[in-house]
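Peer 1: Supplied in structure tokens, the structure appears directly below.
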Amino acid sequence: MSALSFAASDSMSQETLRGRRALVTGAGTGIGRAIALALARHGAQVCVTDLDAGRAKTAADAIGAAALPLALDVTSADATAEAFAAAHARLGGLDLVCANAGVSTMRRVIDLTEADWDTNMDVNAKGVFLTDREAVRSFLRDGVKGTIVNTASLAGKVGAPLLAHYSASKFAVVGFTQALAREVAAAGIRVNAVCPGFVRTGMQEREVVWEAELRAISPEQVVREYVQQTPLGRLEEPEDVADVVVFLSSDAARFMTGQAVNVTGGVYMT
Ligand SMILES: NC(=O)c1ccc[n+]([C@@H]2O[C@H](COP(=O)([O-])OP(=O)(O)OC[C@H]3O[C@@H](n4cnc5c(N)ncnc54)[C@H](O)[C@@H]3O)[C@@H](O)[C@H]2O)c1
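According to the working numbering, the sequence shown is numbered sequentially starting from 82.
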């Protein structure tokens with residue numbers, strides 16, 4: 082974690098989310114793991130879910146005994162309902178949910194397969210729908226004025242070449258976030274999204290290799306171009322995203338809903 086992100090974390094107190102019960106998807110590694118750790122650091126009890134049960138456990142272990150690791154494939158409605166039921170049983174309810182799980186593949190549209198399209202749509206778009214549906218059901222059942230933060234992307238604001246299918250799935254997340262926010266606002270439930278830029282995770286490592294191959298340039302050149310496009314002049318860290326998720330989940334963001342907040346170091350500004 083960078084010194085910058087530590088400073089940002091410290092600006093919110095450990096009491097920010099004290100007593101809140103959280104569930105994060107795709108939290109075994111990368112941005113989701115950073116979100117789970119940041120929520121816990123700010124006082125929340127966290128259910129750490131991931132497709133990969135081992136990763137979920139390792140991330141939960143990094144938080145401590147209060148964290149609950151669960152295997153969850155967000156493309157399955159039944160599995161999502163079961164995970165929410167297990168989290169509810171253990172934590173006594175939920176106050177905040179982060180639908181973060183996502184995947185990517187990279188190809189020119191002329192070479193794009195139905196499998197590319199379906200996988201990206203299933204995890205990134207349908208996964209957010211199924212997670213948010215369970216979150217809202219839980220909040221309404223318990224009379225909780227909960228919060229949801231979905232992980233969209235810079236590619237959900239502006240079309241990303243070689244990632245058309247991924248872009249489509251992330252534009253879907255932004256649209257869904259806005260529609261759901263309007264639908265549940267009267268119940269006091271807030272729904273927002275974060276749009277990260279070029280974040281140093283396993284997903285980025287894979288994309289750098291694919292992009293270098295597709296554009297016939299070196300992986301180092303791909304990374305250089307990411308940084309050149311970023312006014313703040315460095316690659317993004319998972320913690321840069323996690324701190325904004327903490328804010329959006331907190332009372333400090335009490336009058337924000339339906340927003341897709343860019344967390345990109347200035348790559349995209351509208
Ligand atoms: N890394 C970036 O540059 C970047 C930029 C913008 C948005 N995002 C988004 O941020 C989110 C996290 O990305 P990351 O970079 O940390 O990726 P990552 O690949 O490093 O981690 C993703 C995690 O999601 C899990 N996952 C995959 N499929 C799943 C499924 N069906 N159900 C549940 N969990 C599943 C994986 O096991 C993994 O632990 C994604 O939604 C991604 O689209 C990433």
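C-beta: ideal position from N, C-alpha, C; glycine also.
Under a Cβ-count criterion, where at least 16 other Cβ atoms within 10 Å of its own Cβ denotes burial, should Thr-194 be classed as buried or exposed?
Peer 2: exposed
Peer 1: Out of Asn-201, Thr-161, Leu-316, Arg-136, point me to the one whose CA is closest to Asn-212's CA.
Peer 2: Per the sequence presented here, residue 212 reads as Thr, with Asn not at that position. By alpha-carbon distance to Thr-212, the top candidate from Asn-201, Thr-161, Leu-316, Arg-136 is Thr-161.
Peer 1: Can the beta-carbon of Asn-181 be found less than 9 Å from the beta-carbon of Ile-270?
Peer 2: no
Peer 1: If Val-275 sits next to Gly-227, beta carbons under 8 Å apart, how far is it from one beta carbon to the other, in whole angstroms?
Peer 2: With a Cβ gap of about 17 Å, Val-275 and Gly-227 do not count as contacting.
Peer 1: What did DSSP end up calling Val-127 once you bin it into helix, strand or coil?
Peer 2: strand
Peer 1: Helix, strand or coil for Pro-312 per DSSP?
Peer 2: coil
Peer 1: Go ahead and label Phe-328 buried or exposed: buried means 16 or more other beta carbons lie within 10 angstroms of its beta carbon, across all protein chains shown.
Peer 2: buried
Peer 1: Should Pro-242 go down as buried or exposed, given a rule of 16 or more other Cβ atoms within 10 Å for buried?
Peer 2: exposed
Peer 1: Consult DSSP for Arg-101 and reduce its assignment to one of helix, strand or coil.
Peer 2: coil
Peer 1: Is Ala-341 helix, strand or coil when you go by DSSP?
Peer 2: strand
Peer 1: What residues match up with Ala-274 in a beta bridge as DSSP calls it?
Peer 2: In the DSSP output, where bridge partners are listed per residue, Ala-274 has Asn-231, Ala-341.
Peer 1: Cβ of Lys-138 versus every heavy atom of ligand 1: is any distance shorter than 8 Å?
Peer 2: no
Peer 1: Any contact between the region 250–263 and the region 309–323? By contact I mean 3 or more CB pairs, one from each, below 8 Å.
Peer 2: no
Peer 1: State the start and end residues of the unbroken alpha helix (DSSP H) segment that holds Pro-319.
Peer 2: That run of the alpha helix (DSSP H) goes 319–330.
Peer 1: Is Val-127 near Ala-152, with beta carbons less than 9 Å apart?
Peer 2: no
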